[in-house]
Structures are given as structure tokens and as C-alpha cells.
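Enquirer:
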Amino acid sequence: MTRGSRFQKPTTLAIEIARHLREAIIKGELAPGQRVNEAKLTRELALSRSPVREAIRILEAEGLLTIEPHRGAHVRPVSEQDLEEIFDVRLMIESHGLRRGPHRLTLDVMAPLRSAVDEARSALAEEAFERWHRVSLRFHDGLVALAANRHLTRLHEELKISLRRYQISLIGLPGQPERWQAEHEAILAALQQDEVERGVDLVATHITNLKEALLKAMVGTV
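Take the sequence shown: its position 88, counted from the start at 1, is 90 in this note's numbering, and no numbers get skipped.
1. So what's residue 191 in DSSP terms, helix, strand or just coil?
2. Can you find at least 3 beta carbon pairs, one from the stretch 137 to 147 and one from the stretch 103 to 119, that sit closer than 8 Å?
3. Checking 8 Å against the spacing of the C-beta atoms, do residue 126 and residue 168 come in under that value?
4. To the nearest angstrom, how far is it from the Cα of residue 185 to the Cα of residue 93?
5. Quick one: measure Cβ to Cβ for residue 164 and residue 88, integer angstroms, because I've assumed they're closer than 8 Å.
6. Name, in chain order, the residues that DSSP records as bridge partners for residue 37.
7. Taking the CB atoms as reference points, tell me whether residue 78 and residue 85 lie closer together than 8 Å.
8. To the nearest angstrom, report how far apart residue 32 and residue 39 are at their CA atoms.
9. Quick check on DSSP: helix, strand or coil for residue 32?
10. Can you name the residues that DSSP bridges to residue 165?
11. Is residue 148 helix, strand or coil by DSSP?
12. Check for me: the alpha helix (DSSP H) holding residue 68 runs from which residue to which?
13. Under 8 Å between the Cβ atoms of residue 148 and residue 100?
14. Taking 8 Å as the limit between beta carbons, can you name the residues of its chain near residue 192, skipping five residues before and five after?
15. Check whether the Cβ atoms of residue 45 and residue 75 sit closer than 8 Å, and answer yes or no.
16. Measure from the alpha carbon of residue 220 to the alpha carbon of each residue in 25, 21, 34, 17, then state which is nearest.
17. Could you say which of 180, 206, 71, 196 lies nearest to residue 129 if we only look at CA atoms?
18. Taking DSSP as the reference, what is the three-state secondary structure of residue 121?
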């Protein structure tokens with residue numbers, strides 16, 4: 003491998019293959035522990051191995067696949083420890099965003115949070131649960147954005163990919179979307195009243211509640 007080729011960006015085709023595989027992993031169509039057969043994918047997609055191999059390495063870097071010598075690529079298993087660690091970091095990121103952002107809580111800065119809550123409320127009223135979930139993620143994006151820290155934002159985006167594997171198990175379960183929507187509304191109300199520390203406490207409660215619900219879902223007790 004030449005010095006110039008070591009850090010080449012993935013090709014557009016590899017990114018598209020990675021997107022397809024990522025969604026299959028998140029939705030459970032590729033199960034934890036399942037092998038991702040590079041040769042089979044190459045045949046099915048009628049492509050050369052190069053973009054398929056690139057796509058697999060993209061997902062390895064995202065933590066969705068593991069690659070072992072002589073065993074190939076497998077979907078990384080989900081685990082309670084992984085979930086606990088994701089939420090520990092998520093709590094730190096979102097709490098930091100709120101504490102860093104009080105002097106920035108202008109109408110313009112708050113607008114994305116209000117928009118996300120309003121759109122999610124409408125989606126919930128229509129029982130459009132997948133749309134509700136997508137819009138609700140924007141609320142958490144907005145909390146992180148308050149810190150105005152690009153490194154935190156990048157870390158948050160990486161966590162979202164891993165977290166979606168767990169969160170999808172709660173979409174559409176009776177009472178769950180309504181519960182998370184109510185907690186988002188309470189956080190927004192606290193921030194609109196300039197009660198930042200109350201907002202931080204509510205975020206901590208919300209993230210803890212979500213973590214506990216996901217842990218229960220993993221063992222089938224939701």
C-alpha cells in the first residue's frame with residue numbers, strides 16, 4: 003500500500019453499500035453475530051470486491067461489524083454493557099450541551115428544539131411512529147448543538163448509529179412514544195423558562211428512563 007493510498011476516502015459506491023448494510027443491521031435484518039459474507043455480497047450486487055470491502059470497513063469503524071482473521075466480518079452483538087456505556091457518554095454530552103449553552107438560549111437557538119417537539123407531537127397524533135422517532139432524534143441533536151462544539155457533535159453522531167440498534171425495539175410499543183414525547187416537552191418547557199439546571203435534571207431522568215426501558219426490552223420484559 004502506498005503512502006498516498008492509505009488514507010483515501012471511501013468511494014460513493016462503498017458509502018451506498020454501507021448505508022444499505024447499516025439499515026439492515028439497525029432493523030435486525032442482519033442479526034447480531036451473523037456473518038456478512040463479502041463474496042456473497044459481491045455476487046448479489048454484481049460488483050467487484052473493492053467497494054464491498056470498503057463498506058465493511060466503514061461499518062467496522064462505526065462499531066457495527068467486527069472483522070476477525072479467517073472468520074471474516076460479523077454483526078457486532080448487542081450487550082447490556084455496551085448500552086450502559088453508550089448512555090453514560092450520551093448523558094455527559096447532552097448535560098454539557100445544556101450547561102455550556104445558557105448564554106446562548108436565544109429564540110433562534112431554541113427554534114430547532116421547539117420545531118422538533120412540535121413536529122414529533124404531530125407525528126404522534128397521526129400514529130406515525132417511525133416519523134416520530136426520526137423527528138425526536140432532532141431534539142437530542144439540538145441539545146448537543148447548544149455546546150457549539152464540533153467534536154462533541156461528531157461523537158454524538160457516532161453514538162446515534164449504535165444507539166439506533168437498541169431504540170428501534172421501542173418504536174410503536176404501547177405508551178412508549180407518548181412517554182418520551184412528554185419528557186421532551188418537559189425539558190423544552192424548563193429551557194424556555196431559563197431553568198437550565200432543572201433542564202439538566204430532566205435530561206438525566208429522561209436518558210436514565212430510556213436506558214432502563216431498553217435494558218428491559220433486551221430481555222423481553224417491556
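Just so it is clear, CB atoms sit at the ideal spot from N, CA and C, and this is done for glycine as well.
Expert: The answer reads as follows:
1. Correct three-state label for residue 191: helix.
2. Of all C-beta pairs linking the stretch 137 to 147 to the stretch 103 to 119, three or more are shorter than 8 Å, placing the two stretches in contact.
3. No, the pair does not count as a contact, with Cβ atoms beyond the cut-off.
4. Whole-angstrom Cα-Cα distance: 15 Å.
5. Rounded, the Cβ-Cβ distance is 6 Å, consistent with contact.
6. According to DSSP, residue 37 bridges with 76.
7. Not closer than 8 Å, so no.
8. The C-alpha of residue 32 lies about 11 Å from the C-alpha of residue 39.
9. In the three-state reduction of the DSSP assignment, residue 32 falls in the coil class.
10. Paired residues: none, contrary to the question.
11. In the structure shown, residue 148 adopts coil according to DSSP, grouped into three states.
12. Per DSSP, residue 68 is not a residue of any alpha helix (DSSP H); the beta strand (DSSP E) it occupies stretches across 67 to 70.
13. The Cβ atoms of residue 148 and residue 100 sit closer than 8 Å to each other.
14. Result list for residue 192: 198, 200, 201, 204, in chain order.
15. Between residue 45 and residue 75, the gap from beta carbon to beta carbon reaches 8 Å or more.
16. That would be 34, whose Cα lies nearest to the Cα of residue 220.
17. The option with the nearest alpha carbon to residue 129 is 180.
18. DSSP, read as helix, strand or coil, puts residue 121 in helix.
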